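Take a look at the structure set out below.
Here you go:
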């Protein structure tokens, strides 16, 4: 009886001692990974970070590319020169002037209008895009297409580009005296 008690106590002590050691085993902890609680995607591979990139779409086949560009170079201004489809995607961006990102600064396209795009896509798709910077660096990423409502309401100007918001006169019957 005494032998069983000693074995049980020894086994319990080993389990208690091993628990902290074994629970610290593992790789790729959730606390070690970058977490982005948003619909947009990030790319930090170039000297300019592309943050929270999305295509906001009010209707199928057109939308507005929205992202933030953070320049990691604190000494020199950077520019975003072009946006194009990648991996065989025939995405057609509208024309835009190069986007200047100040040294060590950030530019949010949601504040300056974004880049209109057209192609074959709808909300829920992921579009492969290539972003080219002024120094020749390229970033390829798959950007989600989100609906132009909720947090993204009012960010897609491409849907209204063909429509007119101004009133136009129309023929109507009017009473005559």
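Residue numbers (the working numbering): 2 to 178. Just so you know, even glycine gets a beta-carbon here, dropped at the ideal spot from N, CA and C. Predicted, not measured: the structure shown is a model, and the values here were computed from it.
Enumerate in chain order the residues of its own chain whose CB-to-CB distance from residue i is below 6 angstroms, with the five nearest sequence positions on each side excluded.
i, result
"residue 86", "92"
Verify whether the separation of the beta carbon atoms of residue i and residue j is less than 7 angstroms.
i, j, result
"residue 147", "residue 57", "yes"
"residue 104", "residue 76", "yes"
"residue 157", "residue 149", "yes"
"residue 44", "residue 142", "yes"
"residue 134", "residue 79", "yes"
Return helix, strand or coil for residue i, following the three-state DSSP convention.
i, result
"residue 7", "helix"
"residue 152", "helix"
"residue 14", "helix"
Exposed or buried, residue i, counting other C-beta atoms within 10 Å across all chains shown (16 or more means buried)?
i, result
"residue 66", "buried"
"residue 173", "The predicted position of residue 173 is uncertain, since its pLDDT is 43 and thus under 50; no value can be drawn from it."
"residue 8", "exposed"
"residue 38", "exposed"
Where do the N-terminal and C-terminal ends of the alpha helix (DSSP H) with residue i fall, by residue?
i, result
"residue 113", "110 to 113"
If I measure Cβ to Cβ from residue i and keep anything under 7 angstroms in the same chain, skipping five residues before and after, which residues do I get?
i, result
"residue 138", "47 and 48"
Identify the continuous beta strand (DSSP E) that holds residue i and give its terminal residues.
i, result
"residue 44", "42 to 44"
"residue 102", "100 to 102"
"residue 117", "116 to 119"
"residue 159", "Counting along the chain, residue 159 falls outside any beta strand (DSSP E), and DSSP gives it neither H nor E."
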